[in-house]
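Please read the structure below before turning to the comments.
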Amino acid sequence: MSQDIVLLILGMAGVTFVSRFLPMVLLSRWTLPEKVRWGLEYIPVAVLSAIVFPILFFDRKGALTLQPQFLFAALPVFIFAWKVKSIWGSVVLGMIVYWLLGFV
Amino acid sequence: MGSHPWREGAKAAAPIVLGYLPVGVAFGVLARRAGMAPSEVGLMSLLVYAGSSQFVAVELISEGIAWFPIVITTFFVNLRHLLMSSTVSLFLKKESLRTLTLVSAQLTDESFAVAMSQPSKIQDRPGYVFGLQIISHCAWIGGSVAGALFGSLIDHEGYGLPFALPGLFICLLVLQIKSLDHFWMMIVAGILSLVFKWLVPGNWYIIMAALLTSGIGVAIKTRRAGDQPSKAKS
């Protein structure tokens, strides 16, 4: 292994660990004000939405365009996930629809 | 009732495994192409274990950028863990430092989202979180090493594989919509993320959209809470 790569990996591991570890240790020991707790309640839906929407509307090079294959695969997954609430089923359904759309 | 939180968590990792294997393979292939050895790919997936920043790192390595700027970039790409870690901490109030270290070290977007899809399962059950995360982590390491070793033999663009992680995220997003408020927060965060991604270079858009959305949510809830008593009077 080259020394630069090892330094890179250790550095990346260190900074990533800090952002994962600090809030968990500090906040699990303190009681948070009510408004902060309200805010944290919206974080999961906000983070996930901020991950999903750009996947559907940006291409891989980072340009803002419609992604038809992703959008048309996303729609049935939305509905299926809403009705059936199965994570595994949603992933498989999405993959099948995306795969079939590749032939269109 | 799950008597074995550890095993229950491991089972909940199944959809993550399905998503991580192909993406891990893709990572292994790209890392190899950028000049990393399979052992280095494995070490990175073991110690860093943060997909998007690993892809970014490989991209920067292939552009010949030195290790220090890549570490700084990683820090910013992974800052969003602050928010997820803060949220999970609410459910693990009574745990020892050792337990929290183990649980926080393997926190990812995916394990966070699966954990938060049934918050009652993680309430004071670090074993569940640990089972969920260790299986996911193994899939990530396994996939990326396999990709580095045999990547050229697998068509990782085929069989709908590019949609494995998007499909997982969409389902997890839907599971988070527990009220009309959450639905509107999804719309707001989605639009903000598009705007920020378009305006701001790098990976800032997730943390910016999430913070602003949750701030808007708190402001609305505060106003509503303030309105309630006055309505009662009139």
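So the sequence lines, in the order shown, correspond to chains D and P. Start counting at 1 in the first sequence, then tack on 845, and there's your number in our numbering. Start counting at 1 in the second sequence, then tack on 66, and there's your number in our numbering. Note that beta-carbon positions come from the ideal geometry of N, C-alpha and C, so glycine has one too.
Inset, instruction - Just the C-alpha distance for D/Lys928 and P/Phe249, rounded to the nearest angstrom, thanks. - result: By 1-based counting over the first sequence, the position of residue 928 of chain D is 83. By 1-based counting over the second sequence, the position of residue 249 of chain P is 183. D/Lys928 and P/Phe249: Cα-Cα distance of roughly 15 angstroms.
Legend entry - Burial state of D/Trp875, where buried means 16 or more other Cβ atoms lie within 10 Å: Sequence index remark: in the first sequence, residue 875 of chain D carries index 30 (1-based). The residue is exposed, with fewer than 16 neighbouring Cβ atoms inside 10 Å.
Inset, instruction - Compare the C-beta of P/His70 against all C-beta atoms of chain D and say whether one is closer than 7 angstroms. - result: Numbered from its first residue, the second sequence carries residue 70 of chain P at position 4. False, the Cβ-Cβ gap to chain D never drops below 7 angstroms.
Legend entry - Any 3 or more C-beta pairs closer than 8 angstroms across the stretch 247–266 of chain P and the stretch 278–297 of chain P: yes
Inset, instruction - Leaving aside the five residues before and after P/Pro81 along the sequence, list all residues of the same chain whose C-beta is less than 6 angstroms from its C-beta, in chain order. - result: Position 15 of the second sequence, counting from 1, holds the residue named residue 81 of chain P. Cβ neighbours of P/Pro81 beyond the five flanking positions: Leu234.
Legend entry - Interface partners of P/Pro81 on chain D, CB under 7 angstroms: Position 15 of the second sequence holds residue 81 of chain P. Result: Ile932, Trp933 and Val936.
Inset, instruction - Report the option in P/Lys187, P/Leu112 and P/Arg290 whose CA atom is closest to the CA atom of P/Ala205. - result: Reading the second sequence from its first residue, position 139 is the one you call residue 205 of chain P. Comparing Cα-Cα distances from P/Ala205 to each of P/Lys187, P/Leu112 and P/Arg290, the minimum goes to P/Leu112.
Legend entry - Start-to-end residues for the alpha helix (DSSP H) that takes in P/His203: Against the second sequence, residue 203 of chain P aligns to sequence position 137. Start and end: Pro192 to Phe216.
Legend entry - Secondary structure of D/Leu909, DSSP reduced to three states: On the first sequence, position 64 is the one that residue 909 of chain D refers to. Correct three-state label for D/Leu909: strand.
Legend entry - Reduced DSSP secondary structure (H/G/I, E/B, other) of D/Phe902: The sequence position of residue 902 of chain D within the first sequence is 57, counting from 1. Helix at D/Phe902.
Legend entry - Short CB-CB distance (under 7 angstroms) between P/His203 and chain D: As a first step, residue 203 of chain P must be located in the second sequence, where it is residue number 137. Cβ-Cβ to chain D under 7 angstroms: no for P/His203.
Inset, instruction - In angstroms with no decimal places, state the Cα-to-Cα distance between P/Ser177 and P/Thr279. - result: By one-based count along the second sequence, residue 177 of chain P stands at place 111. By one-based count along the second sequence, residue 279 of chain P stands at place 213. Each residue's Cα considered, the two are about 22 angstroms apart.
Legend entry - Neighbour-count burial assignment, P/Leu198, 16 or more Cβ in a 10 Å radius: Looking up residue 198 of chain P in the second sequence gives position 132. P/Leu198 should be labelled buried.
Inset, instruction - Just confirm the distance between the C-beta atoms of P/Phe93 and P/Gly213, as a whole number of angstroms; I'd bet it's less than 8 angstroms. - result: Here residue 93 of chain P corresponds to residue number 27 of the second sequence, with the count starting at 1. Here residue 213 of chain P corresponds to residue number 147 of the second sequence, with the count starting at 1. So it is a contact: roughly 6 angstroms between Cβ atoms.
Legend entry - Separation of P/Lys263 from D/Pro899, as counted between CA atoms: As a position in the first sequence, residue 899 of chain D is number 54, starting the count at 1. As a position in the second sequence, residue 263 of chain P is number 197, starting the count at 1. When rounded, the distance between both Cα atoms is 8 angstroms.
Legend entry - Beta-carbon separation (whole angstroms), P/Leu109 vs P/Ile273, contact threshold 8 angstroms: As a first step, residue 109 of chain P is located in the second sequence; it is residue number 43 there, counting from the start. As a first step, residue 273 of chain P is located in the second sequence; it is residue number 207 there, counting from the start. The Cβ separation is near 27 angstroms, so there is no contact.
Inset, instruction - Check each candidate in D/Phe866, D/Gly859, D/Ile924 and D/Gly884 and name the one with the smallest Cα separation from P/Val114. - result: Position 48 of the second sequence, counted from the first residue, corresponds to residue 114 of chain P. Of the candidates D/Phe866, D/Gly859, D/Ile924 and D/Gly884, the one whose C-alpha sits nearest the C-alpha of P/Val114 is D/Gly859.
Legend entry - Neighbourhood of P/Val143 by C-beta distance below 8 angstroms, restricted to the same chain and skipping five residues each side: Reading the second sequence from its first residue, position 77 is the one you call residue 143 of chain P. Same-chain partners within the cutoff: Ala116, Ser118, Ser119, Val122, Gly268 and Asn269.
Legend entry - DSSP three-state assignment for P/Ser268, whether helix, strand or coil: Here residue 268 of chain P corresponds to residue number 202 of the second sequence, with the count starting at 1. It is worth fixing the name first, because residue 268 of chain P is Gly in this sequence and not Ser. Three-state result, P/Gly268: coil.
Inset, instruction - Examine the Cβ distances between the stretch 895–914 of chain D and the stretch 184–196 of chain P and report whether three or more of them are shorter than 8 angstroms. - result: no
Inset, instruction - Could you tell me the distance, in whole angstroms, from the CA atom of D/Gln848 to the CA atom of D/Val897? - result: Sequence index remark: in the first sequence, residue 848 of chain D carries index 3 (1-based). Sequence index remark: in the first sequence, residue 897 of chain D carries index 52 (1-based). Spanning the two alpha carbons is a distance of roughly 37 angstroms.
Legend entry - Neighbourhood of D/Ala919 by C-beta, 7 angstroms cutoff - its chain only, sequence neighbours within 5 removed: To locate residue 919 of chain D, count along the first sequence from 1; it is residue 74. Counting only Cβ-Cβ distances below 7 angstroms, and skipping sequence neighbours, we find Leu901.
Legend entry - Beta-carbon proximity list for D/Ser953, same chain, < 8 angstroms, skipping 5 on both sides: Nothing in the structure corresponds to residue 953 of chain D, since chain D is present only between 846 and 949.
Legend entry - Given P/Ser170 as reference, the closest of D/Val863, D/Val937 and D/Ala891 once Cα atoms are compared: Position 104 of the second sequence holds residue 170 of chain P. When only C-alpha atoms are compared, the closest one is D/Val863.
Inset, instruction - Name, going along the chain, the residues of the stretch 232–257 of chain P whose beta-carbon falls closer than 9 angstroms to a beta-carbon of chain D. - result: Pro232, Gly233, Leu234, Phe235, Ile236, Cys237, Leu238, Leu239, Val240, Leu241, Gln242, Ile243, Lys244, Asp247, His248, Phe249, Met251, Met252, Ile253, Val254, Ala255, Gly256 and Ile257
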